[in-house]
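A short worksheet on the structure shown next.
Residue numbers (the UniProt record's numbering): 1 to 1201.
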């Protein structure tokens, strides 16, 4: 940890550390040092009890105190920190949002317990009392229970664990393998805290289920796997004090020895290790801040590519280029100017041509003896042409060609240009020579020189202007290479300057950190001290902690208890006293009696056969019952109680790692045969690739990868490491069986369930077993625990919810609902109302642990209230002891009450629709008999009238069926779908904020720079996956609700048709429409994949954890991703809605046609029998009368119409 050696801590040292952290504004470590100072001054030893919620921490402390100071209950009680010290009786209550208060006497126990349970307003409670069991100078601490990683984090930050001298970590006997235990205890190791593990509630141990030595070995294996080493492990029970394995007395002796013999050593160790740890934490935090800043700066430096030249060399080159840029235009202009200036354009022979031209423009000029205008103009033109040609040629030779060659060569380094076009001809015309003449000037030698000079000057000016224009035209191209070089050099200068600035900043950061580290370590080594004033300052701060405000208990505002509006009643009774409309036994009796009477009546033959067929199906109907619950809730034990024998392995360690079915014996399978389905290779690859990011082509490559990989170094959950370890251990044995199905014997069945190295390959097992449960044609499906180390199939388990005839949710008596339970129940609550019947049963197992009836009712009420939170109202609840039920099926085990209600539900409630269908057929038979008797009792005319009436009725009813408006009923289903998808879209926008925080939080993102960016990308990828899973859950829930709506619409259509039929013929009834089990729509319900570039862009918004979480970084990212995922969610839900509309339209079209054909056939058969049976039934009149009386009696109380 630190390079300093542990030494005794004194007040001066603590005062100096307090001053140091005060100057650095590090209040967390400042408060810790103040705690150490108080601890040293008071010589106070702190013994802390932490652990899994409902593990019995409070009860354990009460037994150690020999007094029930703390609330103890099978449900979670302690919601804040409670400290118990010896002293004058009183209580100090520390609130979260207001000053602490002090009471000079203990309040009534129920009020004290209420304060202990108030985690919303109370942070900590200090209890002072003179008790013989509580020695001087010792504080016993009770902490809130831990159920998840965030509970452990909260406990670490809020409970002053730094003061703790010894930690006692309490685990529930049934939950020793909870991963959160490992995480917490590893942190204790880091803090150099001695800790003991207490496995409490050992009264649950059953040597017949697992021997104590095997249990201890499994615990040792778990500890080795976690890498933790407690000082000692105690096995205790607060209820069965006589149990041989109960080590409570040994625990008490150990605590007494720690207090008496090791008081000073423990105290000094805590002060020494504690101050070192606080300093170490301070240095670590400072180093993390430094590393965060350095990582960001290093990322910046890594992106910098320094030029090969030094700063000075680059700067010199930059200045040279600047000068060059300025000089190019100057040199260009100079070259043009010098070339034009030196050009001799009018030599003697050209001057003579100029003289001749000038004479031709003299007013006195004539050609020959007489002035002829045409001849004069012709002569002028000729002389002008001669002069123009001469001056052109001279300009081209003396100027144009020279300029072209010189300027092309000059510009060559900068731009490729060719002056190919003749400049003179384009820029200077013959008429320009005339314009230069002075009208009225006398042509003599002087004027000729003046004129030719003007011509030369004009030509030179023209060339200078041409090349000036060319410069402006080509300037950007000419200067571009230089400017590019300038820009490049400027970038190089800026790069070097940025590099130097970052280096200077990094050096400053390192210097500040080294100063911090050296100074605080110097104080720790007592090499640095601030002076006497620091002792006074820390004493003053300590005095400020004293609570002066003294109140009476009656002055403390009492938190209002929630008003219970629900009716309190025995959960076993619930609605079971409500008698269903149809009784199974009565229905069977009615069918048998009716069948006896129907014999010999040919016209009733088809109805009789239909009723007998339905009776056979009713009698032999099979049922699927799905068993859910957390691991170690006692599901397997409860299943064994239902079966009546110990068929499934029972253990406090997680066992159910695959879905197991207990089914009735069939023709192809004998009693105790086990049918095993092993996963396909692709299914196993999918399981593994859900855990690690590696891509594998086959399972052999997975095996080799695990072989060379150190799994303990992988950044994955321990439950996933367990799965990979099991896969590796079992691969060689199971490789040849992958993708196969086969039968094993009952002995291997236990091994296939219990041993994870086999179970992880198993998809499903079905045990064929002859017992009272399966004799009732019930198949029991035992699913994996939602929070077990081995749980991987929650989606597969949830699929049973839709198809199961009943759902049994088992929760443990003193561990009602874990976090995974709550997540599962949330999904269950969404679809509960979609079922035709309330098919959910909630079992509170291990009720025998209740010390009395009042405590048992407390748990029942707690569970009921918790279920209400998930919108599960009026639940069927049963308290049982499956363990006791295996031994004796007495009333006190609770199992007979459950079985009575459950089997009644299976036999009576689940079969209501089938029985109603039978009575509907009886009603149809009664209608036929009534018609026949009416015809028999009438004269011939009446018979003929009734025959015609029958034919008319048949046509009218067929018309009613044919003209049914089936589209409106389908529209009701589509409207329900639209409503459900609308709510799904709304729910996402509401839930996204919490979902985002679940994945993008300080626990998932801790690093800075590139590593931190990668953590952000990983978190967002996991967020996408979670959203995608939610989308599938929404689809599942919508499908279940829509199937209910689909069936309701079909039944409503049948009822509306029936109502119209009654207006035609009161006697005739259509058969019932039985519920249709729709197939799962073959939809690819998935949201759009997140583009990797987008993930990278999101990750790039992250710099360091401080600016991200303390600043606006996370909020901005939440807004970006919320908008994006909101759009992808809406897009996916909209597509899902569109696809489901098509699916339900197709299903409706098919089933509507089937029902139309069924109804049409029934009408045709009925009236055919009515008409055809007129003559046949004369001889059966007495029998028909008997049938009518019998059916009238049977149907009177069964059908309303």
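Quick reminder that beta carbons are idealized off the backbone N, C-alpha and C, glycines included.
As the structure is a computational prediction, the values presented were derived from the model and not from experiment.
A buried status is given to residue 784, since no fewer than 16 other beta-carbon atoms sit within 10 Å of its beta-carbon. Under the three-state reduction of DSSP output, residue 85 falls in the strand class. In the three-state reduction of the DSSP assignment, residue 223 falls in the helix class.
Counting along the chain, residue 806 sits inside no alpha helix (DSSP H); it lies in the beta strand (DSSP E) bounded by residues 806-812. Leaving aside the five residues that flank residue 689 on each side, the residues in its chain whose CB is nearer than 8 Å to its CB run, in chain order, 695 and 696.
Going by C-alpha positions, residue 848 is about 24 Å away from residue 249. In terms of Cβ geometry, residue 839 and residue 905 form a close pair [threshold 9 Å]. The beta carbon of residue 702 lies closer than 6 Å to those of 688 and 696 in the same chain, with the five residues before and after it left out. Going by DSSP, residue 765 is part of the beta strand (DSSP E) stretching over 762-768. In the three-state reduction of the DSSP assignment, residue 776 falls in the coil class, being assigned neither a helical nor a strand state. Non-local beta-carbon contacts of residue 1113 in its own chain, meaning distances under 6 Å to residues more than five positions away in sequence, involve 1107 in chain order. Straight-line spacing of the CA atoms in residue 938 and residue 920 works out to 27 Å.
By the Cβ neighbour-count rule, residue 403 is buried, with 16 or more other Cβ atoms within 10 Å of its own. Burial state of residue 516 is buried, judged by a 10 Å Cβ sphere holding 16 or more other Cβ atoms.
With contacts defined as CB atoms closer than 9 Å, residue 120 and residue 70 fail to qualify as a contacting pair. Beta-bridge partners of residue 142 (DSSP): 49 and 82. Each of 386, 321, 128 and 81 was checked against the Cα of residue 103, and the nearest Cα belongs to 128.
Short of 6 Å from the beta carbon of residue 194, and not among the five residues preceding or following it, lie these beta carbons of its own chain, in chain order: 166 and 231.
DSSP links residue 103 through a beta bridge to 91. In the DSSP annotation of this structure, residue 694 is not part of any beta strand (DSSP E), being labelled neither H nor E.
With fewer than 16 other CB atoms across the displayed protein chains lying within 10 angstroms of its CB, residue 1185 is exposed. Between residue 928 and residue 1161, the gap from beta carbon to beta carbon reaches 9 Å or more.
Look at residue 629 here: in three-state DSSP terms it is strand.
DSSP places residue 443 outside both helix and strand once states are collapsed to three, so it counts as coil.
In its chain, beyond the 5 residues on either side, 678, 680 and 681 have a beta carbon closer than 7 Å to the beta carbon of residue 739.
Here residue 197 carries a strand assignment [DSSP, helix/strand/coil]. Per DSSP, the beta bridge partners of residue 168 are 49 and 196. With a cutoff of 9 Å on beta-carbon distance, residue 38 and residue 545 are scored as near each other. Taking the CA atoms as reference points, residue 263 sits about 7 Å from residue 45. With contacts defined by Cβ atoms closer than 9 Å, residue 673 and residue 782 do not form a contacting pair.
By the Cβ-count criterion, residue 1033 is buried, with 16 or more other Cβ atoms from all chains shown falling within 10 Å of its own Cβ. When secondary structure is reduced to three states using DSSP, residue 1071 falls in the coil class, being assigned neither helix nor strand. In the DSSP assignment, residue 879 forms a beta bridge with 844. Here residue 500 is exposed: its Cβ has fewer than 16 other Cβ atoms, across all protein chains shown, within 10 Å. Judged by their CB atoms, residue 614 and residue 959 are not nearer to each other than the 9 Å cut-off. In this structure, residue 1121 lies near residue 1023, with their beta-carbon atoms less than 9 Å apart.
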